[in-house]
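Protein chains in written order, with the UniProt record's numbering: chain A, 1 to 598; chain B, 1 to 396.
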């Protein structure tokens, strides 16, 4: 299919001669490279908000109900009178932190940035299948981000029912103030976000299927493209389900229907709702919610695979096994959602089924981890900052993934469900890991995005401090979870039973503050390098993939002349048939050259 | 003060590191080539050693954590199925630590060992069916064992045999407190619905149901050691979760449906307090509280009460602003103590009758008296009723 399709690319060849104004170039751009940068910058800004929130509530947890000037400055007199954080704003902070980090940073910021940047460049296309739809996708995302941020300034406070917004808490303003206007804005923001995500995903899928250049068969795609492609498919399957859940919740909230509500007595009166079930919402939510975890982590895995191969100067080990494991993870991810609901009141028999499917995911995950480790073996490792983050990602993915064996097992989940153990687990396996993947991607493809280099020494400092702090925050957290401390508690001072956990909380917060502060090193490096970084050469990492055959200066249409043709797989590093240690994909096979991989 | 200190330390650290990068930059003066921001052999060497150092950090931090915080984790389970859960947990932990130590070791050791330089060429090693078969099959086998053990335990815990001799207790959740209802002599809970909530019948028990007549409502949970307790859970407003960590028991409370969980307590509260690990834990907590108390007293506050252990029922599903303080004390009695405790309680129907009688007396008094004193009496009667309700609800 791709062989015929590549010619269509030529239609766009002369588009870059069009006069571009500031607005068409930087704002309503339809160039995928610019849209990628827009996603990235928006994602970074949302990331600053999300991480800052986590630091605030970590301070409350370490020094409960102590007065901090900064609380009063940031949260105002209503939510932090005399600098003491109020309990309802605490819940709002954890809710919005979760929402922003999962959706706005690690979904849109990560997948949006790198899918847009790399899909056309790595498959040899001049742009996305629909540049216009791509632009709309970004601007819907931007709109949803604006609405989410605006919800922080609602009088009664933003949504505070947890990022999972389980009804009835999220449906009844009587139950919590944040479930009034704040929740309405949350739902509207998410509905727009989903529309944006669907448009993006459809575009990625169509582009990968139709616009590959000549010779770029599916088994010659870099693993980045494979993961973006599969991620987009999971997104298209599961995001609409969240949209329907959000719509039904809007109906329950505003039009008096009873999809999720039944038999409720609150604030001295019986409400009319009859026959609905909150468990139904949980099913719908997690039908997206669990695949969402993989929507977050798969692109990070793709980026890491690519960066590791390049910087090990070795082919990624088990290319086909990596593809198969991505497909297996994607398939399994859609049938494991019930492991979030073992103790929700659903039939215990379902719990057995979900335990089985959940633990199966460990197999393709283990294959991936071992393949990455083997990729390092006998390599010629180039420790660029991106490589450090990739190794770090494998490390945190293993550490966090292993505790999934506990949480995925319904029997063991009974006692650690919704404790800090869960927080430690998912922050390592999908939060920190995906963030490392994203950082790795930024360090690696910054030259492609901005034509300049990031400062490597700042990168080294950024990585090592972050790596120590990430373990410093989340490793001790397992223990307070095993002690039975529930999550989403404003303070545990009402339980003398947990008094011996306080020192640990102080240690965790200290690591979090240091780690948070050192992200400033990254921000400085990022924003100053855009303008003052060292000029990049065309292929600074000596990589084999097609994006490094484009000129450093961006042009609309990506390649000035013909689109390159592909003659080999993307991992011909240290190929014994060649003297150089990398052979780009567009270099024809030598006469009689054998293919050395499966 | 602490935060100020932290911030100062942070700023100083940042400055120090900034100076360090300046030095790095200075060492590269003269190498004006465009690849100055690409890792050099020197970088590879330095970073390779740091990789090794980081591996040491992970190992040391793990050991330190186990020694220092290992005893924070919940210890001896206080329920019969709890030991099943804990043994599965321990097996899983052994597996996890083994895999963690080996894989992290390989990852960072390879990073150290194969740090690159210009003269080296990597080995072209694209795939090996044998290796991949090994690391697909081994996890499959291990997981099969875990899955089977897990499902065996899960089925044992979650499915309550209908013929079994159990004590039926309802756990009732609302923002932000727990109430318990005992089934009484007939051991059958009366029907209930929030639409029937009225006056002191705060759980909406259907008083026309014969089974409801002997139901008893209390705000402190007592259960007997060695007898299976079958909890039926309801919520009147939002999702809550009944979490009893020492019993390895948890189940969500969902408005509109009844959920259940059953277990057999194996230690009375008094016995559990005497377990060596618990004696140590209590002493440790009291040491921490003594320090805090001293601070509070110095600031003119009141000292904290010393801590004694009690089993707790916590809410473990976000349920509103005061979610962090929704708890109920659980007391595990010996069967004799339990019987005695329960026999001293009045049933809900008795309470309702008493409340109605009190109201009637008040009304009767009202009709015989002139209007001014009638108002006084009504107020008094209302206060009495409220007191009765409060006493009932807060009954210890």
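Every residue, glycine too, gets a C-beta built ideally from N, C-alpha and C.
Worksheet item: Looking at chain B, which residues of the region 409-420 of chain A have a Cβ within less than 7 Å of any of its Cβ atoms?
Response: 409, 410, 411, 412, 414, 415, 417 and 418
Worksheet item: Exposed or buried, residue 497 of chain A, counting other C-beta atoms within 10 Å across all chains shown (16 or more means buried)?
Response: buried
Item to complete: Quick one: using the 10 Å Cβ neighbour count with 16 as the cut-off for buried, is residue 103 of chain A buried or exposed?
Response: buried
Fill in: Interface residues of the region 151-165 of chain A facing chain B [CB-CB below 7 Å]
Result list: 161 and 162.
Worksheet item: Is any beta-carbon of chain A found at less than 8 Å from that of residue 262 of chain B?
Response: no
Item to complete: Report all residues from its chain with a CB closer than 7 Å to the CB of residue 307 of chain A; omit the five preceding and five following residues, and keep chain order.
Response: For residue 307 of chain A, where only same-chain residues beyond five positions count, the Cβ hits under 7 Å are 386, 387, 390, 440 and 444.
Worksheet item: Would you say residue 318 of chain B and residue 83 of chain A are within 8 Å of each other, going by their C-beta atoms?
Response: no
Item to complete: List the endpoints of the continuous beta strand (DSSP E) containing residue 154 of chain B.
Response: Note, residue 154 of chain B: premise wrong, no beta strand (DSSP E); alpha helix (DSSP H) at 129-158.
Practice prompt. Taking only the alpha-carbon atoms, compute the straight-line gap between residue 465 of chain A and residue 167 of chain A and give it to the nearest angstrom.
Written response: Straight-line Cα distance between these residues: approximately 40 Å.
Item to complete: Leaving aside the five residues before and after residue 507 of chain A along the sequence, list all residues of the same chain whose C-beta is less than 8 Å from its C-beta, in chain order.
Response: 472 and 476
Worksheet item: In chain order, what residues of the region 89-104 of chain B put their CB closer than 9 Å to some CB of chain A?
Response: Close to chain A, meaning a Cβ-Cβ distance shorter than 9 Å, are the following residues of the region 89-104 of chain B: 89, 92, 93, 95, 96, 97, 99, 100, 103 and 104.
Worksheet item: Closer than 8 Å, CB to CB, is residue 393 of chain A near chain B or not?
Response: no
Discussion item. With distance defined between alpha-carbon atoms, name the residue in A:380, A:480, A:245 and A:192 nearest to residue 505 of chain A.
Written reply: A:480
Worksheet item: Under 8 Å, do residue 43 of chain B and residue 383 of chain A count as touching if we go by C-beta distance?
Response: yes
Worksheet item: Whose Cβ in chain A lies nearer than 9 Å to the Cβ of residue 219 of chain B?
Response: Neighbours of residue 219 of chain B across chain A, judged by C-beta separation under 9 Å, do not exist; the nearest C-beta is about 17 Å away.
Worksheet entry | chain A residues whose Cβ lies nearer than 9 Å to that of residue 197 of chain B | What residue 197 of chain B touches in chain A: 265 and 270.
Worksheet item: Between the C-alpha atoms of residue 139 of chain A and residue 552 of chain A, what's the straight-line distance to the nearest angstrom?
Response: 27 Å
Discussion item. Just to confirm the assignment, what range does the beta strand (DSSP E) spanning residue 253 of chain B have?
Written reply: Following the DSSP letters along the chain, one finds residue 253 of chain B inside the beta strand (DSSP E) bounded by residues 249-253.
Discussion item. Can you pull out the residues from the region 377-388 of chain A whose beta carbon lies closer than 9 Å to at least one beta carbon of chain B?
Written reply: From the region 377-388 of chain A, only 377, 378, 379, 380, 381, 382, 383, 384, 385, 387 and 388 have a Cβ closer than 9 Å to chain B.
Practice prompt. Using a Cβ-Cβ cut-off of 8 Å, state whether residue 584 of chain A counts as contacting chain B.
Written response: Against chain B, the CB of residue 584 of chain A has no partner CB under 8 Å away; the residue lies outside that interface.
Practice prompt. Identify whether residue 276 of chain B lies in helix, strand or coil by the three-state DSSP scheme.
Written response: helix
Worksheet item: Of all the options B:219, B:252, B:48 and B:311, which has the alpha carbon lying nearest to the alpha carbon of residue 266 of chain B?
Response: For the options B:219, B:252, B:48 and B:311, the alpha carbon positioned closest to that of residue 266 of chain B is the one of B:311.
Item to complete: With DSSP collapsed to three states, give me the class of residue 289 of chain B.
Response: helix
Worksheet item: Can a CB atom of chain B be found closer than 8 Å to the CB of residue 335 of chain A?
Response: no
Practice prompt. Rounded to whole angstroms, what's the CA-CA distance from residue 77 of chain B to residue 256 of chain A? Just pull it up for me.
Written response: Rounded to the nearest angstrom, the two C-alpha atoms are 45 Å apart.
Item to complete: Please decide whether residue 278 of chain A counts as near chain B, where near means a Cβ-Cβ distance under 8 Å.
Response: yes
Worksheet item: Taking the continuous alpha helix (DSSP H) assigned at residue 329 of chain B, which residues delimit it?
Response: Premise fails: residue 329 of chain B lies in the beta strand (DSSP E), 327-333, not in any alpha helix (DSSP H).
Worksheet item: Do you know whose CA, among B:102, B:54, B:73 and B:38, lies nearest residue 398 of chain A's CA?
Response: B:102
Item to complete: For chain A, find out if any of its Cβ atoms is closer than 8 Å to the Cβ of residue 200 of chain B; answer yes or no.
Response: no
Worksheet item: So is residue 267 of chain B in contact with chain A if we call contact Cβ pairs under 8 Å?
Response: Output row for residue 267 of chain B: interface = no.
Practice prompt. Check the Cβ of residue 404 of chain B against every Cβ in chain A and list those closer than 7 Å, keeping chain order.
Written response: Past the edges of chain B, shown from 1 to 396, lies residue 404 of chain B, and the structure says nothing about it.
Discussion item. Helix, strand or coil for residue 585 of chain A? Go by DSSP, reduced to three states.
Written reply: coil
Fill in: Beta-carbon neighbours of residue 323 of chain B, restricted to chain A and to distances below 8 Å
Listed by position along chain A, the residues whose Cβ is nearer than 8 Å to that of residue 323 of chain B are 91, 488, 489 and 490.
Worksheet entry | Residues that residue 453 of chain A contacts on chain B, provided the C-beta gap is smaller than 9 Å | 34, 35, 36, 37 and 38
Discussion item. Suppose contacts are defined by Cβ-Cβ distances below 8 Å. Is residue 219 of chain A in contact with residue 301 of chain A by that definition?
Written reply: no
Worksheet entry | Beta-bridge partners of residue 244 of chain B, as assigned by DSSP | B:249
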